[in-house]
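Note sheet for the following structure.
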Amino acid sequence: MTSAEPASAPSPYSDAAQRDVANHLGMWTLIATEILFFGGLFLAYCVYRGAYPAAFSAGSHRLDFWSGTVNTAVLLTSSLFMALGDAMIRVGRRRGLQVCVTLTAGLGVLFLAIKFSEYREMYAEHLVPGIRYGAAGPPQMQLFLFLYFVMTALHAVHMLVGIGLLGWLLTLNRRGRLSRDRRAPVSMVGLYWHFVDCVWVFLYPLLYLIPR
Amino acid sequence: MPPLNPPAPPSRGYLSDGTTVASWLCTRDHKRIALLYLFTITFFFLIGASAAALMRWELTRPNGDLMTSDTYNRLFTLHGVVMVWFFLIPSIPAVLGNFVLPLAIGARDVAFPRLNLASWYIFVCGGLIALYAIVVGGVDTGWTFYTPYSSTYSNSNVMVMATGIFVAGFSSIATGLNFIVTVHKLRAPGLTWFRLPLFVWAIYATSIILVLATPVLAITLALMALERGFGVGIFDPKLGGDPLLFQHLFWFYSHPAVYIMILPGMGVVSELVSCFSRKKIFGYKVMAFSILSIAGLGFLVWGHHMFVSSQSVYAGVVFSLLSFLVSVPSAIKVFNWIATLHRGSITFGTPLLYALGFLALFTIGGLTGIFLATLAVDVHLHDTYFVIAHFHYIMVGGGVMAYMGGIHYWWPKISGRMFPEGWARFSAVTIFVGFNLTFFPQFLLGYLGMPRRYHIYPAEFQTLNVISSAGAAVLAVGYLVPLCYLTWSFFHGKDAGPNPWNATGLEWQTPSPPPSHNFEQTPVVTRPPYDYPPL
Ligand SMILES: [Cu+2]
Chain A
148 MTSAEPASAP SPYSDAAQRD VANHLGMWTL IATEILFFGG LFLAYCVYRG AYPAAFSAGS
208 HRLDFWSGTV NTAVLLTSSL FMALGDAMIR VGRRRGLQVC VTLTAGLGVL FLAIKFSEYR
268 EMYAEHLVPG IRYGAAGPPQ MQLFLFLYFV MTALHAVHML VGIGLLGWLL TLNRRGRLSR
328 DRRAPVSMVG LYWHFVDCVW VFLYPLLYLI PR
Chain B
2 MPPLNPPAPP SRGYLSDGTT VASWLCTRDH KRIALLYLFT ITFFFLIGAS AAALMRWELT
62 RPNGDLMTSD TYNRLFTLHG VVMVWFFLIP SIPAVLGNFV LPLAIGARDV AFPRLNLASW
122 YIFVCGGLIA LYAIVVGGVD TGWTFYTPYS STYSNSNVMV MATGIFVAGF SSIATGLNFI
182 VTVHKLRAPG LTWFRLPLFV WAIYATSIIL VLATPVLAIT LALMALERGF GVGIFDPKLG
242 GDPLLFQHLF WFYSHPAVYI MILPGMGVVS ELVSCFSRKK IFGYKVMAFS ILSIAGLGFL
302 VWGHHMFVSS QSVYAGVVFS LLSFLVSVPS AIKVFNWIAT LHRGSITFGT PLLYALGFLA
362 LFTIGGLTGI FLATLAVDVH LHDTYFVIAH FHYIMVGGGV MAYMGGIHYW WPKISGRMFP
422 EGWARFSAVT IFVGFNLTFF PQFLLGYLGM PRRYHIYPAE FQTLNVISSA GAAVLAVGYL
482 VPLCYLTWSF FHGKDAGPNP WNATGLEWQT PSPPPSHNFE QTPVVTRPPY DYPPL
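Here it is as C-alpha cells:
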C-alpha cells in the first residue's frame with residue numbers, strides 16, 4: 148500500500164526494509180491473537196470431549212467424513228500453491244505468481260463450497276443445534292455439534308478474509324507492484340493463509356477423526 | 002497605533018498543522034489520535050462516574066427507596082462496563098501511550114499509523130453500541146456477564162452490550178499490536194532495550210496482555226451471545242454444559258485486564274518518581290523484569306475469582322499460591338520507588354503528588370489483595386464490599402491516580418502550556434482525601450458482611466455508607482476541577498518550553514507541542530535512562 152500520502156503523514160520508517168520487518172512482526176502478532184481467539188474454543192472442546200467421550204464420538208459420526216477429508220486435501224494443496232507463489236516471486240516470475248495465487252484462491256473457494264454443502268446436508272438432517280435440531284442421541288451431542296458449527300464457521304470467516312487478501316495480491320501483481328524486491332505482501336498474505344490452514348489441520352482430526 | 006504586521010502567533014506544532022475537523026478525523030498522527038482518545042474516554046468517564054454518583058446517592062439510605070432494584074442493577078452494570086472497557090483499559094495505553102511512546106523512543110510515529118486511527122474508529126463504534134444498549138434500557142447482569150443469567154434469564158439488552166464490548170476489544174488488540182511492533186522496530190539508534198524508560202517497558206508488557214488476553218474475552222462473549230440468541234450453547238447445564246467454563250474463560254481475560262489497567266500506571270509512576278526526586282530509578286533492571294513477570298504471572302491466577310464457585314479445592318490452592326506470587330514483583334516495585342525517593346532532591350510538583358498518592362493507595366490495594374488471595378479468608382470476604390474496596394484501590398487509587406499524574410506530567414508536552422500549579426495541587430490532594438473517604442469505609446463494610454450489588458441493607462451499615470457517599474462527593478470535586486483548569490490552560494496557560502520539568506527522556510528533547518514529525522533530527526541515544534546529574 149504505497150498510495151500517495153499527504154505531506155502531513157510522513158512514514159514512520161526510514162526505509163522499505165524496516166517497513167517490511169515491521170509488517171512481518173505485525174502479522175506474527177496478529178497470528179498470536181488469532182491463536183488465543185480460537186484457543187477458547189479448543190479449550191471448551193477439550194473440556195467437554197474429556198467429560199463426554201461417547202457423546203462426542205456419536206456426534207462425530209454424524210459428520211460427513213469424506214467432505215472433511217477432501218477438504219483437508221484441498222486446503223493443504225492450496226497452501227502448496229501459496230508457497231509456490233512465494234517461490235515464484237522470489238525469482239521475479241510475476242506470471243507464475245499470478246497463476247499460483249489464482250489457484251490458491253480457487254481452492255479456497257472450493258473448500259468453502261464443500262463446507263457449505265456439508266452445512267446444507269446437516270440442516271436437512273436436522274443436525275443444526277438452535278436452528279433445526281431433532282437428532283436422537285445423548286443431549287451432550289448438541290455440545291459437539293454446536294462447537295462444530297462455531298469452530299468451522301469461524302474458520303470459514305477467516306478463509307473469506309484470506310480469499311479477499313489473495314484478491315488484493317492479484318490486483319497488486321496485475322498493476323506491476325510486486326517484484327523480486329517488493330514481495331513483502333506475498334509473504335505476509337502467505338503467513339496468514341498458512342495460519343488459517345494450520346487451524347484446519349487441528350480442526351479436522353478433532354472433529355472428524357474421533358474413534359470410528 | 003498597532004503594528005501593521007502583528008507577529009505571527011508561535012507555532013503550536015502538531016496542533017497547528019491543520020485545524021479543520023477533517024484534519025483531526027483523518028489524521029494519522031499518533032499525537033492527534035491520542036487526543037481523540039482523550040476526549041472520547043473523558044466522555045465515557047463522565048457517564049460511568051454519573052452512574053456511580055447515583056449509586057452512592059441511593060446508598061445513603063438503607064431501605065433502597067430512591068430507585069427500584071432493577072434500576073440499581075442496571076446502574077452498577079453500566080458503571081462497571083463503561084469504566085472498565087471504555088475508560089480504564091484505553092486510559093493510559095491509548096492516550097498517554099499513543100502520545101508519548103513514539104516520542105519516548107525517538108520515532109516519527111507508531112508502526113502502523115492507519116491502523117492506529119482505525120483503532121479509534123473501532124473504539125468509537127463499540128462505544129456507540131454500548132451507549133445504545135444503555136439508552137434503550139441498559140443491562141442488569143453486572144459487568145461480568147455470568148452465565149446462565151446472562152445467556153438465559155436476563156431480560157435486559159445483554160446482546161447489544163456484549164456486541165459493543167466485542168467490537169471495542171478489537172481496538173485494544175490493534176493498539177497492542179501497534180505498540181509491540183513500534184517498540185521492537187522503531188527505537189532510535191542507540192536506544193537498546195535496557196535504555197528504554199520504564200514507561201515504555203510497561204506499555205510494551207501491557208500490549209502483550211492486550212494482544213493475548215482480549216481475543217479470549219471476544220470469543221467468550223461471542224459464545225455467551227450465541228447461546229442467548231439460539232437458546233443452545235456450551236454453557237447450558239441442560240445439555241451437559243458447564244456455566245463455570247464461562248467464568249474460567251472470562252477471568253482468563255479479566256484478571257490480566259487488571260494488569261492492563263495497572264501496569265501502565267506503574268510505568269508512569271516510575272517516570273514521575275525519578276524526575277521529581279532527580280534520581281536514577283533504583284534497580285532499573287529489576288523494575289523492568291518485575292513488569293514482565295507481573296504480566297506473565299497475571300495469566301496464571303484467574304482462579305482466585307472462583308474460590309467459592311465449585312472449582313476444586315486443589316485448583317484453589319494452586320491459584321491462591323500463584324496469586325501470592327504476584328505480590329513479590331509488586332512489592333519489589335514499591336520498595337524501589339521508595340528507594341528512589343530516598344535522599345532524592347524532591348520537589349512536590351503536582352505529578353509527584355499523584356505518584357505518592359498512587360504509592361499509598363496501590364500498597365493498600367495490594368495488601369488487601371493478599372487477604373482475598375487467601376482461600377479461607379476469601380470465603381468470608383467474597384462478593385462483599387471488601388472486594389469492591391480492594392479493586393477500587395488498585396484500579397482507581399492505582400490506575401486513575403497514575404493516569405492523572407501522567408496527564409499532568411505530559412500536559413506541557415501535549416498542549417505546550419503549563420497548568421495552574423496551585424489548582425492542580427489542590428485537586429490532587431482533594432482526590433486523595435475523597436478517594437480514601439469513599440473507599441476505606443467499604444473495607445469495613447465488607448468485613449462486617451455487607452454484600453456487593455445490593456441497595457437495601459441493614460440500618461447499622463448506614464453511617465459507613467453515608468461517609469462513603471460523602472467521600473464520593475469530594476472525589477467528584479477533585480475530578481471536575483482538573484477538567485476545568487486543564488481545558489483553560491490548553492488555550493491560556495503560560496508557555497511551557499520544551500522541558501519544563503528538566504526531565505530526561507527523548508520526548509523532552511523536542512519542542513512543546515512537538516512538530517507533526519516529532520523530531521527535526523532522529524535522536525541518537527548514548528546514555529542510560531534517568532541519567533540525572535549526581536546530587
Ligand atoms: Cu484477579
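Going down the list, the protein sequences come from chains A and B.
First residue of the first sequence: 148, per the working numbering; consecutive thereafter.
First residue of the second sequence: 2, per the working numbering; consecutive thereafter.
For glycine and all other residues, C-beta sits at the position ideal for the given N, C-alpha and C.
The model shown is predicted, which means the values in this text are computed figures rather than measured ones.
Hey, does methionine 2/B have any beta-carbon neighbour from chain A nearer than 7 Å?
For the purposes of this step, residue 2/B is taken as the residue at position 1 of the second sequence. Any reading at methionine 2/B must be qualified, since the residue scores a pLDDT of 46, below 50, and its modelled position is unreliable; no value is offered.
Can a CB atom of chain A be found closer than 7 Å to the CB of arginine 188/B?
By 1-based counting over the second sequence, the position of residue 188/B is 187. So, not an interface residue.
Is the beta carbon of phenylalanine 308/B sitting closer than 7 Å to the one on proline 257/B?
Within the second sequence, the letter at position 307 stands for residue 308/B. Within the second sequence, the letter at position 256 stands for residue 257/B. Not a contact, by the Cβ cut-off of 7 Å.
Alpha-carbon spacing of serine 172/B relative to lysine 186/B, whole angstroms:
Position 171 of the second sequence, counted from the start, is the residue given in the question as residue 172/B. Position 185 of the second sequence, counted from the start, is the residue given in the question as residue 186/B. Between serine 172/B and lysine 186/B, the C-alpha separation is close to 21 Å.
C-alpha gap between tryptophan 175/A and glutamine 248/B, whole angstroms
On the first sequence, position 28 is the one that residue 175/A refers to. On the second sequence, position 247 is the one that residue 248/B refers to. So the two alpha carbons sit approximately 29 Å from each other.
Under the DSSP definition of a beta bridge, which residues are partnered with threonine 224/A?
One-based indexing of the first sequence puts residue 224/A at position 77. For threonine 224/A, which the question treats as bridged, DSSP gives no partner whatsoever.
Answer yes or no: the CB of histidine 185/B versus the heavy atoms of ligand 1, is any distance below 6 Å?
Here residue 185/B refers to the residue found at position 184 of the second sequence. No; taking the cut-off as 6 Å, the Cβ of histidine 185/B has no heavy atom of ligand 1 nearer than that.
Enclosing alpha helix (DSSP H) for alanine 403/B [first to last residue]
Start at 1 with the first residue of the second sequence, and residue 403/B comes out as number 402. Note, alanine 403/B: alpha helix (DSSP H), 402-416.
Whole angstroms are fine: how far does the CA of methionine 262/B sit from the CA of alanine 377/B?
One-based indexing of the second sequence puts residue 377/B at position 376. One-based indexing of the second sequence puts residue 262/B at position 261. Their backbone Cα atoms lie some 27 Å apart in a straight line.
Where DSSP assigns a beta bridge to threonine 385/B, which residues make up the other side?
Reading the second sequence from its first residue, position 384 is the one you call residue 385/B. Beta-bridge pairing by DSSP links threonine 385/B to Pro452/B.
What's the C-alpha gap between phenylalanine 363/B and serine 214/A?
Here residue 363/B corresponds to residue number 362 of the second sequence, with the count starting at 1. Here residue 214/A corresponds to residue number 67 of the first sequence, with the count starting at 1. Roughly 57 Å separates the two Cα atoms.
For arginine 279/A, count the other beta carbons within 10 Å of its own beta carbon; 16 or more makes it buried, fewer makes it exposed. Which is it?
In the first sequence, the residue the question calls residue 279/A occupies position 132. Label assigned to arginine 279/A: exposed.
Taking Cβ positions only, does alanine 300/A come closer than 7 Å to chain B?
What you label residue 300/A is simply residue 153 of the first sequence in a count that begins at 1. Judged by the 7 Å Cβ criterion, alanine 300/A is not in contact with chain B.
Using C-beta distances below 6 Å, list every residue in its chain close to tryptophan 303/B, excluding the 5 sequence neighbours before and after it, in chain order.
Reading the second sequence from its first residue, position 302 is the one you call residue 303/B. Contacts found: Trp252, Phe253 and His256.
Element boundaries [alpha helix (DSSP H), containing threonine 299/A]:
Position 152 of the first sequence, counted from the start, is the residue given in the question as residue 299/A. It spans 288-321 - the alpha helix (DSSP H) in which threonine 299/A sits, taken as one unbroken run.
Using the beta-carbon count (16 or more within 10 Å), is proline 535/B buried or exposed?
Position 534 of the second sequence, counted from the first residue, corresponds to residue 535/B. Proline 535/B should be labelled exposed.
Range of the contiguous alpha helix (DSSP H) that encloses isoleucine 178/A:
Working through the first sequence from its first residue, we reach residue 178/A at position 31. Residues 163-198.
Does ligand 1 have even one heavy atom less than 6 Å from the beta-carbon of histidine 256/B?
For the purposes of this step, residue 256/B is taken as residue 255 along the second sequence, with counting starting at 1. It does: the Cβ of histidine 256/B is within 6 Å (strictly closer) of some heavy atom of ligand 1.
From tryptophan 424/B to methionine 335/A, what distance separates their C-alpha atoms?
The residue you call residue 424/B lines up with position 423 of the second sequence. The residue you call residue 335/A lines up with position 188 of the first sequence. Cα to Cα, the separation comes out at about 52 Å.
Under 8 Å from the C-beta of glycine 232/B: neighbouring residues of chain A
Here residue 232/B refers to the residue found at position 231 when the second sequence is read from its first residue. Gly277, listed in chain order.
C-beta atoms of cysteine 276/B and tryptophan 489/B nearer than 7 Å
Translated into the one-based positions of the second sequence, residue 276/B becomes position 275. Translated into the one-based positions of the second sequence, residue 489/B becomes position 488. No.
Taking 7 Å as the CB-CB limit, is threonine 20/B close to chain A?
Indexing the second sequence from 1 puts residue 20/B at position 19. By this cut-off, threonine 20/B is not an interface position.
Between leucine 92/A and chain B, is there a C-beta pair that is closer than 7 Å?
Residue 92/A lies beyond the stretch modelled for chain A, which goes from 148 to 359, so this question has no answer here.
For valine 111/B, three-class secondary structure by DSSP:
Stepping through the second sequence from its first residue, residue 111/B is reached at position 110. Valine 111/B: coil per DSSP, three-state reduction.
Three-state secondary structure (DSSP) at aspartate 379/B?
Position 378 of the second sequence, counted from the first residue, corresponds to residue 379/B. Residue state for aspartate 379/B is assigned as helix, using DSSP reduced to three classes.
Beta-carbon spacing of leucine 342/B, leucine 273/B below 7 Å
Sequence index remark: in the second sequence, residue 342/B carries index 341 (1-based). Sequence index remark: in the second sequence, residue 273/B carries index 272 (1-based). Cβ distance not < 7 Å, so leucine 342/B and leucine 273/B don't count as in contact.
Proximal residues of chain B, C-beta to C-beta of alanine 179/A below 8 Å
Along the first sequence, one-based indexing puts residue 179/A at 32. Neighbours of alanine 179/A on chain B, chain order: Val212 and Leu213.
Residue environment, phenylalanine 212/A, which counts as buried when at least 16 other CB atoms sit within 10 Å
Mapped onto the first sequence, residue 212/A falls at position 65. Counting Cβ neighbours within 10 Å, phenylalanine 212/A comes out exposed, since fewer than 16 surround it.
Out of curiosity, what's the CA-to-CA distance linking arginine 279/B and glycine 447/B?
Residue numbering aside, residue 279/B sits at position 278 when the second sequence is read from its first letter. Residue numbering aside, residue 447/B sits at position 446 when the second sequence is read from its first letter. About 41 Å.
When burial is assigned at 16 or more other CB atoms within 10 Å of the CB, is histidine 493/B buried or exposed?
The count along the second sequence starts at 1 and reaches residue 493/B at position 492. Under this definition histidine 493/B is an exposed residue.
Would you call isoleucine 339/B buried or exposed, if buried means 16 or more other Cβ atoms sit within 10 Å of its Cβ?
Residue numbering aside, residue 339/B sits at position 338 when the second sequence is read from its first letter. That one is exposed.
By how many angstroms is the C-alpha of alanine 219/B removed from the C-alpha of valine 82/B?
Your numbering for residue 82/B matches position 81 in the second sequence. Your numbering for residue 219/B matches position 218 in the second sequence. About 14 Å.
DSSP bridge partner residues for aspartate 360/A (one or two, in chain order)
The structure shown does not extend to residue 360/A, since chain A is modelled only from 148 through 359, so no value can be given for it.
Expressed to the nearest angstrom, what Euclidean distance is found between the alpha-carbon atoms of cysteine 247/A and aspartate 233/A?
Taking the first residue of the first sequence as position 1, residue 247/A is located at position 100. Taking the first residue of the first sequence as position 1, residue 233/A is located at position 86. Cα-Cα distance, rounded: 9 Å.
Is aspartate 110/B close to chain A, meaning its C-beta is less than 7 Å from at least one C-beta of that chain?
By 1-based counting over the second sequence, the position of residue 110/B is 109. Interface residue, yes.
What residues in its chain sit with their C-beta under 6 Å from that of threonine 149/A, if we drop five residues either side in the sequence?
Taking the first sequence and counting its residues from 1, the one referred to as residue 149/A is at position 2. Interpretation of threonine 149/A is limited by its pLDDT of 39, a score under 50 that renders its predicted location unreliable; the figure taken from the coordinates is listed afterwards. Cβ within range, chain order: n/a, list empty.
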